[in-house]
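Asker: Numbering (UniProt numbering), first residue to last: 1 to 740. Every residue gets a Cβ at the ideal spot worked out from N, C-alpha and C, and that includes glycine. This is the structure, below, for whatever I ask next.
Here it is in structure tokens:
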């Protein structure tokens, strides 16, 4: 009755799964069950239990050949300082990466299930080496440095630089904001420390002064209140200046026998006068800044200490670096004036160098985040560091699309677009690779339904490419001249084949369209340079975008819960619904309804005319199965196959029967009725497999770092995975192992 192709797992990692992988089964009425080929990863009884109530066949292409590789995490910063009250709704985490991109995450007042609200695209040859938020008045302002002499302030909502300030010194290596958050100090390669006044408001940065010069590179900076600037230098010294620029004192750390000692990190303990330093010898030192003397030294790390942070009470400090471990130091005898510290615990949370840490604490939230060469940001509890569960931010970048008519899979990253084709012999081939000469990273890519045109957008320019079939299943990429589009940038782009339009959404949420006939049979493609772009009045943010199958309707949604529909025939837009939840995925169905999945794991189906909710949505949207509500992370995408709605997240895929009503949830009693399985519709949940099966609902969470799940045909799915352990990575520091 059951056909399994689990043996495909024994093929090379870059294999392409074709028929029957994981979800394949035959109808119960089939009198000729298929044999059980190959070695199975699960017992026959377990698989039969999982699939016994699914009466359909679905072939899955499980793809691990898509080589998307996020860049190293170089810096982390919270938008607000720790508070004793409830954390503000405006709290954000900025994540800087080695490609120059900056991600802005919203913790939403919880330790897990964070929302990535914005991504500022990077640029070739640039990196984000430091981040700091300043919020003395109004909205927090984000500043960054990255391998140049400029300090950059960002307009986060539009993902563009608001202002660049040349510090007129060497390349900037470090930065820090004072306690009042109206001044920023930057440390430079030539030994200069420059004070920038930012009290004038957004976009205003004024050069104030350069502190007394010295010759060593300033690798780290911190402030002691608003009165003193402390710099860790490349000559093994910690220098202290007052705000007028005079050098007050120089502290020396331990010297290395083979090379100069580098003071990589400094941290000023909250509510006190103690400074913590981390250097290239692996030492963590505590200094008394009232008397400029060393109090304690810990040689706990086996390699360079790259980052330090602590809590708001000044009783806990964390250190991390090249040896991958995070160490916790706690204050002993808090009431005494001696301020003695002890190394209380450590954890190994990362597989490679830890380059950055940040902490935030409030009445209802305590966060310790860390990241580095492993590319993943780990979220831990600040107060319960040793025993808490670690949550890792997902790596999904929404940078993979599928063209089902021509069986094409497209992935883009940085300045490169790759196109694979699924062949009839159950194999795949790389059909085309496009590398742009411009340094700016790609923001979005769209492919026409006929597979002939590829539209690549960046925030400053949009370009069209024609894909020409060859005799070898390869695609020849030819640029289509379109000067008009080179003056338009877009964060979202869609090809509307039915209307012969290209829809653009700019970084300021302006909706534009230009004419381009993708169905033209001429050998030479031409773009009408004389046309003017048509602008539409859509008063909504655009974080999610999809077009109906006839291209006449476009749905867009923002994280504010508002979903709008634009009629391209009339040019009018209207608000379809305002949700109290955060939408994270939307898709038009073949019936011209709109599927919407939310952060809280609700699935809605909306009519575009008449009554808002469909019959299915009215019965089921507020009655989602508990196993689905308990799945980790957010839904990243939705789609449909005949009679089924599919939803996927970072590690799971689920489907719902589009014709069936879910069973009503019963009120919880003291005891579960005897003889009744604990599951939806009476289906037993197998805790070992972590799967659930039901006539109306099914899910699996066997996947790792899903980038995409989508239909390839009515009975085929494409599932794209990118496990972290399969990403290329430099060799990690080898910890000493003791055999006992």
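Are the CB atoms of residue 400 and residue 411 within a distance shorter than 7 angstroms?
Answerer: The residue labelled residue 411 in the question sits at position 411 within the chain shown. The residue labelled residue 400 in the question sits at position 400 within the chain shown. Yes; because the gap between Cβ atoms is below 7 angstroms, this pair is in contact.
Asker: Rounded to whole angstroms, what is the Cα-Cα separation between residue 293 and residue 254?
Answerer: Position 293 of the chain shown, counted from the first residue, corresponds to residue 293. Position 254 of the chain shown, counted from the first residue, corresponds to residue 254. Cα-Cα distance, rounded: 14 angstroms.
Asker: Whole angstroms is fine: what's the gap from residue 195's alpha carbon to residue 240's?
Answerer: Here residue 195 corresponds to residue number 195 of the chain shown, with the count starting at 1. Here residue 240 corresponds to residue number 240 of the chain shown, with the count starting at 1. Roughly 14 angstroms between the two C-alpha positions.
Asker: Please go through the same chain and pick out, in chain order, the residues whose beta-carbon is closer than 7 angstroms to the beta-carbon of residue 789, but skip the five residues on each side of it.
Answerer: The chain is shown from 1 up to 740; residue 789 falls before or after that span and cannot be answered.
Asker: Per DSSP, which residues does residue 166 bridge with? Please list them.
Answerer: Within the chain shown, numbered from 1, the residue matching residue 166 stands at position 166. 150, per the DSSP bridge assignment.
Asker: CB residue 133 to CB residue 79, shorter than 7 angstroms?
Answerer: Start at 1 with the first residue of the chain shown, and residue 133 comes out as number 133. Start at 1 with the first residue of the chain shown, and residue 79 comes out as number 79. Contact: yes.
Asker: Taking residue 629 as part of the alpha helix (DSSP H), name the residues at either end of that continuous run.
Answerer: One-based indexing of the chain shown puts residue 629 at position 629. Segment 626 to 629, the alpha helix (DSSP H) holding residue 629.
Asker: Identify the continuous alpha helix (DSSP H) that holds residue 617 and give its terminal residues.
Answerer: On the chain shown, position 617 is the one that residue 617 refers to. Looking at the DSSP string, the run of the alpha helix (DSSP H) that includes residue 617 is 615 to 620.
Asker: By how many angstroms is the C-alpha of residue 243 removed from the C-alpha of residue 228?
Answerer: Along the chain shown, read from residue 1 onward, the residue named residue 228 stands at position 228. Along the chain shown, read from residue 1 onward, the residue named residue 243 stands at position 243. Spanning the two alpha carbons is a distance of roughly 6 angstroms.
Asker: Any chance the stretch 349 to 361 sits against the stretch 319 to 326, with 3 or more Cβ pairs inside 8 angstroms?
Answerer: yes
Asker: Less than 6 angstroms between C-beta atoms, sequence neighbours within five positions excluded: which residues of the same chain meet that for residue 245?
Answerer: The residue labelled residue 245 in the question sits at position 245 within the chain shown. Result list for residue 245: 209, 211 and 212, in chain order.
Asker: How would you write the range of the beta strand (DSSP E) that residue 716 sits in, first residue to last?
Answerer: Numbered from 1 along the chain shown, position 716 holds the residue referred to as residue 716. Where residue 716 is concerned, the enclosing beta strand (DSSP E) stretches over 716 to 721.
Asker: Roughly how many angstroms separate the alpha carbons of residue 691 and residue 382, rounded to a whole number?
Answerer: Taking the first residue of the chain shown as 1, we reach residue 691 at position 691. Taking the first residue of the chain shown as 1, we reach residue 382 at position 382. Residue placement at residue 691 cannot be trusted, given a pLDDT of 43 that sits under 50; the coordinates are not used to answer.
Asker: Would you check if the distance between the CB atom of residue 702 and the CB atom of residue 721 is smaller than 7 angstroms?
Answerer: If you number the chain shown from 1, residue 702 lands on position 702. If you number the chain shown from 1, residue 721 lands on position 721. Contact flag unset, no.
Asker: Between the Cα of residue 473 and those of 425, 545 and 513, spot the shortest distance and give me the residue it belongs to.
Answerer: On the chain shown, position 473 is the one that residue 473 refers to. It is 425 whose Cα lies nearest to the Cα of residue 473.
Asker: Check the C-beta distance from residue 345 over to residue 386 and give it rounded, since I have them as a contact under 8 angstroms.
Answerer: Locating residue 345 in the chain shown gives position 345, counting from the first residue. Locating residue 386 in the chain shown gives position 386, counting from the first residue. Right, the Cβ-Cβ distance comes to about 5 angstroms (below 8 angstroms), so this counts as a contact.
Asker: Since residue 554 and residue 545 are thought to touch, with beta carbons under 8 angstroms apart, how far apart are those beta carbons, to the nearest angstrom?
Answerer: Here residue 554 corresponds to residue number 554 of the chain shown, with the count starting at 1. Here residue 545 corresponds to residue number 545 of the chain shown, with the count starting at 1. Contact holds; Cβ gap of about 7 angstroms.
Asker: Which stretch, first to last residue, makes up the beta strand (DSSP E) that contains residue 117?
Answerer: Taking the first residue of the chain shown as 1, we reach residue 117 at position 117. Counting along the chain, the beta strand (DSSP E) containing residue 117 begins and ends at 115 to 120.
Asker: Starting from residue 297, trace the beta strand (DSSP E) both ways and give me its first and last residue.
Answerer: Here residue 297 refers to the residue found at position 297 when the chain shown is read from its first residue. First-last of the beta strand (DSSP E) with residue 297: 293 to 298.
Asker: Helix or strand or just coil, what does DSSP make of residue 372?
Answerer: Indexing the chain shown from 1 puts residue 372 at position 372. Residue state, collapsed to three classes: strand.
Asker: Do the stretch 649 to 656 and the stretch 623 to 638 make contact, defined as three or more Cβ pairs closer than 8 angstroms?
Answerer: yes
Asker: Taking the beta carbon of residue 149 as the centre, do at least 16 other beta carbons fall within 10 Å, making it buried, or is it exposed?
Answerer: As a first step, residue 149 is located in the chain shown; it is residue number 149 there, counting from the start. When all chains shown are included, residue 149 counts as buried.
Asker: According to DSSP, what are the bridge partners of residue 309?
Answerer: Counting from 1 along the chain shown, the entry for residue 309 is found at position 309. DSSP lists 318 as partners of residue 309.
Asker: Are the CB atoms of residue 443 and residue 491 within a distance shorter than 7 angstroms?
Answerer: In the chain shown, counting from the first residue as 1, residue 491 sits at position 491. In the chain shown, counting from the first residue as 1, residue 443 sits at position 443. In contact: residue 491 and residue 443 (Cβ atoms closer than 7 angstroms).
Asker: When you compare only the Cα positions, how much space is there between residue 147 and residue 392?
Answerer: Along the chain shown, one-based indexing puts residue 147 at 147. Along the chain shown, one-based indexing puts residue 392 at 392. Using only the alpha carbons, I get a separation of about 28 angstroms.
Asker: Start and end of the beta strand (DSSP E) containing residue 106?
Answerer: Position 106 of the chain shown, counting from 1, holds the residue named residue 106. Its beta strand (DSSP E) spans residues 102 to 106.
Asker: Near residue 309, what residues of its chain come up, given a Cβ to Cβ distance below 8 angstroms and the 5 sequence neighbours on each side ignored?
Answerer: For the purposes of this step, residue 309 is taken as the residue at position 309 of the chain shown. So the qualifying residues of the chain are 267, 317, 318, 357, 358, 359 and 368.
Asker: Just curious, the beta strand (DSSP E) that residue 794 is in, first and last residue?
Answerer: Lying outside 1 to 740, the shown extent of the chain, residue 794 is not represented and no answer is given.
Asker: Closest by CA to residue 534, which one among 328, 501 and 72?
Answerer: As a first step, residue 534 is located in the chain shown; it is residue number 534 there, counting from the start. Residue 501 is the option with its Cα nearest to residue 534.
Asker: Consult DSSP for residue 677 and reduce its assignment to one of helix, strand or coil.
Answerer: One-based indexing of the chain shown puts residue 677 at position 677. Because the pLDDT at residue 677 is just 36, under 50, the model does not fix this residue reliably, and the point stays unresolved.
Asker: Quick one, are the C-beta atoms of residue 445 and residue 462 less than 7 angstroms apart?
Answerer: Locating residue 445 in the chain shown gives position 445, counting from the first residue. Locating residue 462 in the chain shown gives position 462, counting from the first residue. No, they are not a contact pair.
Asker: Quick one: Cα of residue 235 to Cα of residue 378, how far?
Answerer: Start at 1 with the first residue of the chain shown, and residue 235 comes out as number 235. Start at 1 with the first residue of the chain shown, and residue 378 comes out as number 378. Between residue 235 and residue 378, the C-alpha separation is close to 32 angstroms.
Asker: To the nearest angstrom, how far is it from the Cα of residue 719 to the Cα of residue 642?
Answerer: Against the chain shown, residue 719 aligns to sequence position 719. Against the chain shown, residue 642 aligns to sequence position 642. Spanning the two alpha carbons is a distance of roughly 18 angstroms.
Asker: Hey, how far is the Cα of residue 125 from the Cα of residue 487?
Answerer: On the chain shown, residue 125 is found 125 positions in, with the first residue counted as 1. On the chain shown, residue 487 is found 487 positions in, with the first residue counted as 1. Going by the C-alpha atoms only, they are around 23 angstroms apart.
Asker: Out of 636, 396, 596 and 657, point me to the one whose CA is closest to residue 625's CA.
Answerer: As a first step, residue 625 must be located in the chain shown, where it is residue number 625. Measuring from the Cα of residue 625, the nearest candidate turns out to be 657.
Asker: Is it the case that the Cβ atoms of residue 507 and residue 158 are separated by a distance below 7 angstroms?
Answerer: By one-based count along the chain shown, residue 507 stands at place 507. By one-based count along the chain shown, residue 158 stands at place 158. A contact, by the Cβ cut-off of 7 angstroms.
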